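In our numbering, the protein residues as written are 387 to 505.
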């Protein structure tokens, strides 16, 4: 299969997050546009996550540590590890998840969609 990000309908997940994603049999790849000041609230999921920061800056909090990731950085988050992200400045991010994000397909990712989330 071949996809072009510009052909995938953007989803306004919350006030500060636009998401596009492609799902295969075992993996989900997502492109996030994140507005500075936004927050991805503390959560965990069964999916291993690899985040590639293309532009901007994010502060990840997990396992008792804080990591500031900027353009060119990659952050790996193991399955079930609670984590939170603060968007320090407008950012463009590619996330890879395995297994696939069934909660996104089912629209049950309520931790992210809840009113007041984001900014």
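In this text, a Cβ means the ideal position worked out from N, Cα and C, and glycines have one as well. All values reported here derive from a predicted model rather than from experimental measurement.
Helix, strand or coil: which one does DSSP assign to residue 389? coil
So what does DSSP say about residue 480, is it helix, strand or coil? strand
In whole angstroms, what separates the C-alpha of residue 451 from that of residue 458? 20 Å
Locate the alpha helix (DSSP H) running through residue 491, then write down its first and last residues. Per DSSP, the unbroken alpha helix (DSSP H) holding residue 491 starts and ends at 488–491.
Helix, strand or coil for residue 496, going by three-state DSSP, please let me know. The answer is helix: DSSP assigns residue 496 an H, G or I state.
Classify residue 440 as buried or exposed, calling it buried when 16 or more other Cβ atoms lie within 10 Å of its own Cβ. Only exposed fits residue 440, as fewer than 16 other CB atoms lie within 10 angstroms of its CB.
What distance in whole Å lies between the Cβ atoms of residue 408 and residue 399, which are believed to be in contact at a cut-off of 8 Å? In fact, because the Cβ distance is near 16 Å, the residues do not count as touching under 8 Å.
Secondary structure of residue 400, DSSP reduced to three states: strand
Three-state secondary structure assigned by DSSP to residue 472: strand
Considering residue 429, what are the terminal residues of the beta strand (DSSP E) in which it resides? For residue 429, the enclosing beta strand (DSSP E) begins and ends at 425–429.
Rounded to whole angstroms, what's the CA-CA distance from residue 481 to residue 435? Just pull it up for me. Their backbone Cα atoms lie some 7 Å apart in a straight line.
Classify residue 505 as buried or exposed, calling it buried when 16 or more other Cβ atoms lie within 10 Å of its own Cβ. A caution first: residue 505 carries a pLDDT of 42, below 50, which makes its placement in the model unreliable, though a value can still be read off. Residue 505 counts as exposed, since fewer than 16 other C-beta atoms from the protein chains shown sit within 10 angstroms of its C-beta.
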